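S.K.:
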Amino acid sequence: MINTSFLDKIAHVLIKDYSDKLSNTIVVLPNKRAKIFLIEALKKQVSSNVLSPEIISIEDFIQDIAAIRTVDPIELLFEFYEVYLSVTENSSQQSFELFANWAKMLLQDFNEIDRYLLDPTHVLSYLKDIEDIKKWGIEVENKTQLLENYIDFWKLLPNYYQSLYAHLLKKGIGYQGLIYRQAVENLIHFSKTITDKHYVFAGFNALNASEEKIIQHLIAADQAKIYWDADQTFLNDPYHDAGLFLRRFKANWKHYKSNPFEWIVNDFSETKNIQVIGTPKTIGQAKITGSIIEKIINKNPSASLDKVAVVLGEENVLVPLLYSLPSTVGALNITMGYSSKNNPAQILIAKLFKMHTNALSRNAKNYVLYYKDVLDILTHPLVEPYAKTSGLVTIINQNNYTFITHQKVMELNPEPTDLFLLLFKKWEQGSIAVLDTISGLLLTIKNNLSNDNEEEKITKAFVFAIFKVINKLINYYSQHEHIDKIDTLHAIYKQVIDLAEVSFEGEPLNGLQIMGVLESRVLDFDTVIVTSMNEGKFPAGKSQNSFIPYDVKRELGLPTFKEKDAIYTYHFYHLLQRAKNIYLLYNTESEGLDAGEKSRFITQLEVEKQRNHNLTHEIYNAVLPETAYTPMKIQKSEAVMTRLKEIATVGFSPSALTSYIRNPIQFYFQKILRIREVEEVEENIALNTLGTIIHETLKVLYEPFIGKFIAEHDIQNCFKQIDAEVLKQFKAVYKEGDIKKGRNLLAFEVAKRNVSNFLKVELESIKAGDAIKIIALEQTFERTLTHPSLPFPVLIKGNVDRIEERNGTIRIIDYKTGKVEKSSVTLKTWKGLTEEIKNDKIIQVLAYAFMYEKLADSKPIEAGIISFKNLKSGFLPFNFKEEKDSEYVINDIIMANYLEQIVLLLKEILDEKVPFEEKII
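All residue numbers for the sequence shown refer to full-length UniProt numbering, where the first residue is 1 and numbers rise by one.
1) For Thr-627, report the span of its alpha helix (DSSP H) as first-last.
2) Rank Ser-23, Gly-430 and Leu-318 by C-alpha distance to the C-alpha of Lys-341 and give the top, closest one.
3) Can you list, in chain order, the residues of its chain whose CB lies under 6 Å from that of Gln-577, leaving out five sequence neighbours each side?
4) Contact between the region 70-79 and the region 161-173: three or more CB pairs below 8 Å?
5) Helix or strand or just coil, what does DSSP make of Ile-2?
6) Considering only the beta carbon of each residue, do Val-825 and Phe-878 sit closer than 7 Å?
7) Roughly how many angstroms lie between the CA atoms of Val-87 and Tyr-476, to the nearest whole one?
8) As an exercise, report each continuous beta strand (DSSP E) stretch of at least 3 residues that is fully enclosed by the region 266-352, in chain order.
9) Quick one: what does DSSP say Asn-614 is sitting in, helix, strand or coil?
10) Is the beta carbon of Thr-402 sitting closer than 7 Å to the one on Asn-366?
11) Identify which residue in Gly-203, Lys-192 and Ser-637 has its Cα closest to the Cα of Asp-229.
12) What is the DSSP secondary structure of Glu-185, reduced to helix, strand or coil?
13) Where are the alpha helix (DSSP H) runs, 4 residues long or more, that stay fully inside the region 368-414, in chain order?
14) Could you tell me the alpha carbon to alpha carbon distance between His-613 and Asp-241, rounded to whole angstroms?
15) Run the CB neighbour count on Gln-93, radius 10 Å, all protein chains shown included, and call it buried at 16 or more, exposed below.
16) Can you give, in chain order, each stretch of the alpha helix (DSSP H) that sits fully within the region 827-890 and has at least 4 residues?
17) Any idea which residues DSSP pairs Phe-652 with across the strands?
18) Tell me where the alpha helix (DSSP H) around His-122 begins and ends.
19) Could you check which residue in Thr-642, Val-28, Val-308 and Thr-328 has the C-alpha nearest to that of Asn-298?
20) By the 10 Å Cβ neighbour count, where 16 or more other Cβ atoms means buried, how is Ile-2 classified, buried or exposed?
21) Roughly how many angstroms lie between the CA atoms of Pro-704 and Thr-437, to the nearest whole one?
22) If I measure Cβ to Cβ from Thr-692 and keep anything under 6 Å in the same chain, skipping five residues before and after, which residues do I get?
23) State the Cα-Cα distance for the pair His-122 and Ser-546, rounded to the nearest angstrom.
24) For Leu-31, I'd like the list of residues in its chain whose CB is within less than 6 Å of its CB, leaving aside the five on either flank, ordered along the chain.
25) Spatial neighbours of His-482 within its chain, please: CB distance less than 6 Å, with the 5 preceding and 5 following residues excluded, ordered by chain position.
26) Quick one: Cα of Ile-55 to Cα of Val-28, how far?
27) Classify Met-410: buried if its beta carbon has 16 or more other beta carbons within 10 angstroms, exposed otherwise.
28) If we call anything under 7 Å between Cβ atoms a contact, is Ala-286 one with Ser-339?
29) Between which two residues does the alpha helix (DSSP H) carrying Asn-717 extend?
30) Quick check on Gly-691: does DSSP put it in helix, strand or coil?
31) Do Asp-373 and Lys-388 count as a contact pair if the criterion is CB distance below 7 Å?
32) Where does Leu-657 land, buried or exposed, given buried means 16+ other C-beta within 10 angstroms?
33) Mapping DSSP to helix, strand and coil, what is Gln-779?
34) Can you tell which of Phe-758, Ala-251, Ile-715 and Tyr-702 has the C-alpha that lies nearest to the C-alpha of Ile-774?
35) Measuring straight from C-alpha to C-alpha, what distance separates Leu-906 and Leu-763?
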């Protein structure tokens with residue numbers, strides 16, 4: 001029977017030894033999943049129709065004996081809170097949130113105490129005595145109330161246990177440990193009622209004290225047999241963890257003093273090819289798994305993959321793995337559910353909780369919503385197509401609503417849909433009302449989805465999974481109405497939602513098998529691929545979620561992390577036991593979220609290498625391309641040339657020219673394709689917005705003086721208007737944005753300071769005797785440029801911030817809110833002017849000079865910049881520096897040289913043969 005699968009051997013025994021009483025035989029397996037595989041194995045053993053034996057999991061078997069319904073963790077927590085309130089004095093009672101923090105751990109300990117049939121009073125009093133000893137040295141008068149409460153907590157533990165046990169028994173429900181304890185108590189009675197039944201226990205490894213007692217009792221009464229899957233390699237090695245439990249049972253069970261231990265096999269030492277593959281990150285493991293499966297298919301295209309298993313050490317490998325599988329895989333069976341973390345309906349409900357809980361904690365009376373929370377919901381794919389709120393989204397973005405009251409949201413959407421009303425219904429009526437609202441919301445979403453569309457059918461499955469969870473919560477809350485805080489509901493929802501997995505449809509006996517570690521119990525495969533073979537993942541790391549210290553657990557016979565490690569070790573080695581080809585994949589990254597050192601199991605295989613094992617170790621790294629990115633290159637089509645001619649007619653702005661110099665692709669997107677940036681809420685005032693506000697304020701303050709010379713008292717009057725005018729411009733540009741606090745208040749003060757400083761400089765100039773006459777403010781000028789090298793005339797057009805006449809010289813000024821140094825407007829050579837972006841300010845101010853030149857009446861022209869972050873330098877004029885001489889006035893020679901460079905640039909832009917080529921900076 002070498003290399004026959006374990007379930008085939010069980011099926012053989014059932015047909016051989018129990019064929020006349022199959023219908024009265026009950027096979028008990030470690031999990032439900034193995035049932036269909038055992039039925040399949042039985043089918044292969046029989047040639048005619050037979051009644052199948054009943055096949056159940058160990059949990060169902062224990063429940064049958066105890067006759068108690070199992071309770072889920074959240075319901076148990078609610079029930080325990082009821083008990084806690086009934087046995088704790090009012091003055092010492094905690095809120096549900098605080099209670100839940102320690103109750104979950106205590107329930108785990110109650111569970112272990114019961115599963116291992118320990119005396120709860122002894123164990124819990126032991127814990128109290130330990131705490132007493134810790135506080136032994138503290139004098140009575142030094143004991144604080146906090147310390148007294150702490151000691152009282154330990155004293156109350158036996159009372160909590162007894163009260164909860166009695167409360168649950170009365171209701172006919174229980175946690176796993178309670179059910180096990182009750183099963184042991186009912187064992188004699190149960191044994192008498194099943195005289196015609198026979199039990200076969202198969203494929204077990206770690207058994208708790210209750211399971212040991214029940215199985216041994218049934219074996220002693222000749223009502224059961226048990227078959228182990230023990231490999232002699234592990235059983236005979238006193239230090240090997242894979243055989244830890246089986247060695248104990250073989251040595252300690254009375255049955256084995258006079259009966260053989262069945263079955264001991266020698267499969268692990270058979271010939272095996274074991275490939276250990278290290279690769280960076282989760283995605284690397286998924287890709288390699290895909291390529292391994294592709295090789296298996298290519299080797300034998302007609303063979304079925306039902307003897308190939310991919311065992312995921314971590315659930316998050318599942319989605320990248322599904323994307324990495326070759327298209328030739330065909331049939332597929334996934335035993336794990338799709339995690340609720342990525343469920344679109346769950347993401348929507350999580351965002352809904354966030355929006356409403358934030359609003360309640362911020363200001364329950366005014367119900368103020370944060371714009372990001374609102375937009376997250378309105379733009380969610382389950383809401384956006386059906387809520388008809390695109391207008392509302394646009395209004396929020398355009399008007400910079402950062403915090404928006406519930407009332408305002410309703411006003412801005414005067415014709416709301418039912419979906420919208422459910423989303424924005426206030427959460428003020430308590431938890432059940434909130435859950436009813438969410439339930440109604442999910443039903444509305446479900447009704448919006450069609451059954452004709454395959455994608456929408458899948459979405460319905462996601463919505464239904466969350467709907468079931470919400471209904472379960474409604475059921476809990478209707479029975480425990482005093483737990484009624486929204487924060488508590490949110491915390492419970494986050495715990496429950498992990499249970500809301502969506503199952504994959506598949507044919508369990510066909511095709512590639514993808515499963516978690518626990519689902520692989522009892523099953524055998526020819527080829528096994530195991531991922532996430534890193535410490536902390538496979539095996540899982542130490543976790544001390546218990547009030548019972550390690551040494552006490554050792555003394556009382558409770559499982560510690562050593563036993564938990566031994567369970568993992570058995571599962572791992574059982575996967576390898578009958579497999580011929582094994583691939584063990586691990587993450588080579590030592591730092592990061594999913595990193596960790598190589599699993600000790602791999603090291604153990606290397607150190608304890610069997611003679612017939614062919615073990616290889618490889619490291620796979622992603623191949624880095626020689627060029628990480630190829631810059632875009634776009635040829636000029638007929639349509640592009642038409643658009644360029646259109647721009648030349650309407651006008652090239654100086655900023656369009658500098659945009660081309662910065663990056664021709666940027667120019668292509670903005671000017672040719674006219675792609676604009678998406679309008680978003682500006683939560684903090686952006687620099688360009690601040691610049692607009694300062695520009696507009698100065699325009700309004702100086703407008704009365706256009707065409708006049710400015711006097712000292714004019715500037716003095718401007719000082720008085722600064723506060724009101726800056727505020728007015730903020731409202732005009734920033735709309736509903738909040739400027740009363742935070743960064744925006746600072747920006748508001750910066751804007752006022754900049755305008756004030758500018759006016760001070762202006763006032764000092766007038767006092768020093770400068771005659772300043774304002775000619776134009778924020779005015780658009782244009783001039784056509786014709787040149788033999790250009791295919792057609794080009795209009796140069798732009799908006800000039802300020803033109804003034806100062807002491808007989810025309811000054812063209814461009815305001816900059818950022819810092820500009822004198823070197824930015826100094827030019828030493830004309831060659832390459834339009835090739836470097838550092839010359840952008842020179843190109844801009846000289847373009848303004850070119851546009852205004854004919855209107856200057858032959859007066860000398862200067863063009864330059866006033867930088868608000870460098871006001872002490874005053875006006876920074878363009879100057880052409882040859883050796884030590886600087887020329888500030890823009891004369892005919894300067895203009896001719898400038899135009900020669902601009903023509904070269906325009907010639908390149910308008911040349912059909914020169915493509916738009918991306919610049920990589």
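All C-beta atoms, glycine included, are put in the ideal place defined by N, C-alpha and C.
Given the structure is predicted, the values throughout are model-derived calculations rather than measurements.
M.R.: Short version:
1) For the purposes of this step, residue 627 is taken as the residue at position 627 of the sequence shown. Note, Thr-627: premise wrong, no alpha helix (DSSP H); not H, not E.
2) Here the question's residue 341 lines up with position 341 in the sequence shown. If we check each option's Cα against that of Lys-341, Leu-318 comes out closest.
3) Counted from its first residue, the sequence shown places residue 577 at position 577. Only Asp-231, Asp-267 and Phe-268 meet the Cβ criterion.
4) yes
5) The count along the sequence shown starts at 1 and reaches residue 2 at position 2. Per-residue confidence for Ile-2 stands at a pLDDT of 48, beneath the threshold of 50, marking its modelled position as unreliable; no derived number is given.
6) As a working mapping, residue 825 is identified with position 825 in the sequence shown. As a working mapping, residue 878 is identified with position 878 in the sequence shown. Yes. Within cutoff.
7) Position 87 of the sequence shown, counted from the start, is the residue given in the question as residue 87. Position 476 of the sequence shown, counted from the start, is the residue given in the question as residue 476. Answer to the nearest angstrom: the Cα atoms are 21 Å apart.
8) Residue ranges of uninterrupted beta strand (DSSP E) with 3 or more members, entirely inside the region 266-352 and ordered along the chain, are 272-279, 308-312 and 332-334.
9) Within the sequence shown, the letter at position 614 stands for residue 614. Looking at Asn-614 - three-state DSSP - the assignment turns out to be strand.
10) Here the question's residue 402 lines up with position 402 in the sequence shown. Here the question's residue 366 lines up with position 366 in the sequence shown. Not in contact: Thr-402 and Asn-366 (Cβ atoms no closer than 7 Å).
11) If you number the sequence shown from 1, residue 229 lands on position 229. In this structure, Gly-203 is the residue among Gly-203, Lys-192 and Ser-637 with its C-alpha nearest to the C-alpha of Asp-229.
12) Within the sequence shown, residue 185 is the residue found at index 185, counting from 1. DSSP places Glu-185 in helix when its eight states are reduced to three.
13) List check, alpha helix (DSSP H) in window: 371-378, 384-387, 390-398 and 406-412.
14) Reading the sequence shown from its first residue, position 613 is the one you call residue 613. Reading the sequence shown from its first residue, position 241 is the one you call residue 241. Cα-Cα distance, rounded: 20 Å.
15) The residue labelled residue 93 in the question sits at position 93 within the sequence shown. Label assigned to Gln-93: exposed.
16) 840-852
17) Here residue 652 refers to the residue found at position 652 of the sequence shown. The partner list for Phe-652 (beta bridge, DSSP) reads Ile-796.
18) To locate residue 122, count along the sequence shown from 1; it is residue 122. 120-134 is the span of the alpha helix (DSSP H), which, as asked, contains His-122.
19) Along the sequence shown, one-based indexing puts residue 298 at 298. The shortest C-alpha separation from Asn-298 is found at Thr-328.
20) The count along the sequence shown starts at 1 and reaches residue 2 at position 2. Unreliable placement is indicated for Ile-2, whose pLDDT of 48 sits below 50; the coordinate value is still reported in the next sentence. When all chains shown are included, Ile-2 counts as exposed.
21) Numbered from its first residue, the sequence shown carries residue 704 at position 704. Numbered from its first residue, the sequence shown carries residue 437 at position 437. Going from the Cα of Pro-704 to the Cα of Thr-437 covers about 59 Å.
22) On the sequence shown, position 692 is the one that residue 692 refers to. Contacts found: Val-733.
23) For the purposes of this step, residue 122 is taken as residue 122 along the sequence shown, with counting starting at 1. For the purposes of this step, residue 546 is taken as residue 546 along the sequence shown, with counting starting at 1. Each residue's alpha carbon lies about 17 Å from the other.
24) Taking the sequence shown and counting its residues from 1, one reaches residue 31 at position 31. It is Asn, not Leu, that sits at residue 31 in the sequence shown. Here the set comprises Ser-57 and Arg-521.
25) Position 482 of the sequence shown, counted from the start, is the residue given in the question as residue 482. There are no such residues.
26) As a first step, residue 55 must be located in the sequence shown, where it is residue number 55. As a first step, residue 28 must be located in the sequence shown, where it is residue number 28. So the alpha carbons of these two residues sit roughly 6 Å apart.
27) Here residue 410 refers to the residue found at position 410 of the sequence shown. Classification for Met-410: exposed.
28) Reading the sequence shown from its first residue, position 286 is the one you call residue 286. Reading the sequence shown from its first residue, position 339 is the one you call residue 339. In this structure, Ser-339 does not lie closer than 7 Å to Ala-286 by Cβ.
29) The residue given as residue 717 occupies position 717 in the sequence shown. Unbroken alpha helix (DSSP H) run through Asn-717: 712-734.
30) Working through the sequence shown from its first residue, we reach residue 691 at position 691. Secondary structure at Gly-691: helix, using DSSP grouped into helix, strand and coil.
31) Your numbering for residue 388 matches position 388 in the sequence shown. Your numbering for residue 373 matches position 373 in the sequence shown. Cβ distance not < 7 Å, so Lys-388 and Asp-373 don't count as in contact.
32) Here residue 657 refers to the residue found at position 657 of the sequence shown. Buried, since its Cβ has 16 or more Cβ neighbours within 10 Å.
33) Position 779 of the sequence shown, counted from the start, is the residue given in the question as residue 779. In this structure, Gln-779 counts as strand in the three-state DSSP scheme.
34) The sequence position of residue 774 within the sequence shown is 774, counting from 1. Residue Tyr-702 is the option with its Cα nearest to Ile-774.
35) By 1-based counting over the sequence shown, the position of residue 906 is 906. By 1-based counting over the sequence shown, the position of residue 763 is 763. If I take the Cα positions, the gap works out to 42 Å.
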